[in-house]
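Numbering (the working numbering), first residue to last: 430 to 564. All C-beta atoms in this analysis are idealised placements derived from N, C-alpha and C, irrespective of residue type, glycine included. Just so we're clear, the structure is a prediction, and the values are computed from it rather than from any experiment. Take a look at the structure set out below.
This is the structure we're talking about:
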């Protein structure tokens, strides 16, 4: 019997992944997570970064930002705010988002709420830039 995990990655826009995998590596809020068959149940926040999974020796990666990851009964469910495969990343768009976020964060009158939201945008842009295939 094959020891596979069922991986589902969903964003508000669409389901990105639904397949049987050997391993999942994810950017947890407290550090990176490696998930194999028979992993203990867990529910954690995700930070912006690269999430990868392995299927029969092939590694597939995408960038996620925010959201949650849950592991139960060899099922890994990722509910991410955004997600895109590395080949889908528009580097120029990510560079513009990075510059806009830095500019907004430098404003002296930025509210706490706007600061938090803009900081999330900055972290997402950084993750996209660090993981774009044409970096």
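Below 8 Å CB to CB, which residues in the same chain sit around residue 530 once its five sequence neighbours on both sides are set aside? Within the same chain, residue 530 has close Cβ partners 547, 548, 550, 551 and 554.
Just the C-alpha distance for residue 533 and residue 432, rounded to the nearest angstrom, thanks. The alpha-carbon atoms of residue 533 and residue 432 are separated by roughly 48 Å.
Less than 8 Å between C-beta atoms, sequence neighbours within five positions excluded: which residues of the same chain meet that for residue 564? In this predicted model, residue 564 has a pLDDT of only 48, less than 50, meaning its place in the structure is not dependable; the value taken from the coordinates is given anyway. The residues are 520 and 558.
Below 9 Å between beta carbons: does that hold for residue 456 and residue 493? In contact: residue 456 and residue 493 (Cβ atoms closer than 9 Å).
Beta-carbon gap between residue 482 and residue 473 smaller than 9 Å: If you check the CB distance, residue 482 and residue 473 do not come in under 9 Å.
Would you call the CB atoms of residue 508 and residue 517 closer than 9 Å? Cβ atoms of residue 508 and residue 517: not closer than 9 Å.
Does the distance from the C-beta atom of residue 539 to that of residue 491 stay below 9 Å? Not in contact: residue 539 and residue 491 (Cβ atoms no closer than 9 Å).
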